[in-house]
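Notes follow once the structure below has been shown.
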Amino acid sequence: MSRIRIALAVSVVLNLFLSGALVAGLVSLRTGGPMINAGSLRVAGAELPSAERRPFRMALRDARRSMRPTIVVSRAAKAEAAGLLRQPDVDQAAVNAALDRARVADIAVRAAVERRAVAYAATLPLADRATLAAAMTRRAERAPPAAE
Numbered sequence: 034m035s036r037i038r039i040a041l042a043v044s045v046v047l048n049l050f051l052s053g054a055l056v057a058g059l060v061s062l063r064t065g066g067p068m069i070n071a072g073s074l075r076v077a078g079a080e081l082p083s084a085e086r087r088p089f090r091m092a093l094r095d096a097r098r099s100m101r102p103t104i105v106v107s108r109a110a111k112a113e114a115a116g117l118l119r120q121p122d123v124d125q126a127a128v129n130a131a132l133d134r135a136r137v138a139d140i141a142v143r144a145a146v147e148r149r150a151v152a153y154a155a156t157l158p159l160a161d162r163a164t165l166a167a168a169m170t171r172r173a174e175r176a177p178p179a180a181e
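With the sequence shown counted from 1, adding 33 to any position gets you the working numbering.
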């Protein structure tokens, strides 16, 4: 093949790839699907003015970073629970104990992140705090009620 034909083939493949990415991005924007693995405070922070958005996210990231050892404990406890479930005879008490440890660690991480978010939000002007509060309220109202 000549160089022109190779360049044309590469161009066609690249254009198809970019077109597909564009269509997928538009579909994603239009469906407005929820963010995955993002706490309500982080999502609410997305509505802050751009000057405040990045520092807010950095504050949350720093809080999570400081809780890294606790996150490791949570993951280890979950892995232990999974390993116990793979055993021929399930020791329910041991699985529940491992999951309890993971839950306690998860709650500690969430509490630390929320405390840091509140500390940062307290430094914001009233209008920005109101924006953050409104976004948190909308997010809470969208959450489905717990099944009974």
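Glycine is no exception: its CB is placed at the ideal position from the N, C-alpha and C atoms.
- In the same chain as residue 96, and ignoring 5 residues on each side of it, the C-beta atoms closer than 6 Å to its own belong to 145, 146, 149, in chain order.
- For residue 116, the number of other beta carbons within 10 angstroms of its own is below 16, and it is reported as exposed.
- Less than 8 Å divides the Cβ of residue 114 from the Cβ of residue 135.
- In the three-state reduction of the DSSP assignment, residue 103 falls in the helix class, which pools H, G and I.
- Three or more pairs of CB atoms, one per stretch, sit closer than 8 Å, so the segment 160-168 contacts the segment 74-92.
- Taken through DSSP and simplified to helix, strand or coil, residue 44 comes out as helix.
- Contact between the segment 101-108 and the segment 124-138 is established, with three or more Cβ pairs separated by less than 8 Å.
- Short of 7 Å from the beta carbon of residue 77, and not among the five residues preceding or following it, lie these beta carbons of its own chain, in chain order: 165, 168, 169, 172.
- Classified as exposed, residue 118 has fewer than 16 neighbouring CB atoms from the shown chains inside 10 Å of its CB.
- One alpha carbon belongs to residue 131, the other to residue 112, and they sit about 9 Å apart.
- In the same chain as residue 100, and ignoring 5 residues on each side of it, the C-beta atoms closer than 8 Å to its own belong to 141, 142, 145, 146, in chain order.
- Residue 93 is classed as buried because its beta carbon has at least 16 other beta carbons within 10 Å across all chains shown.
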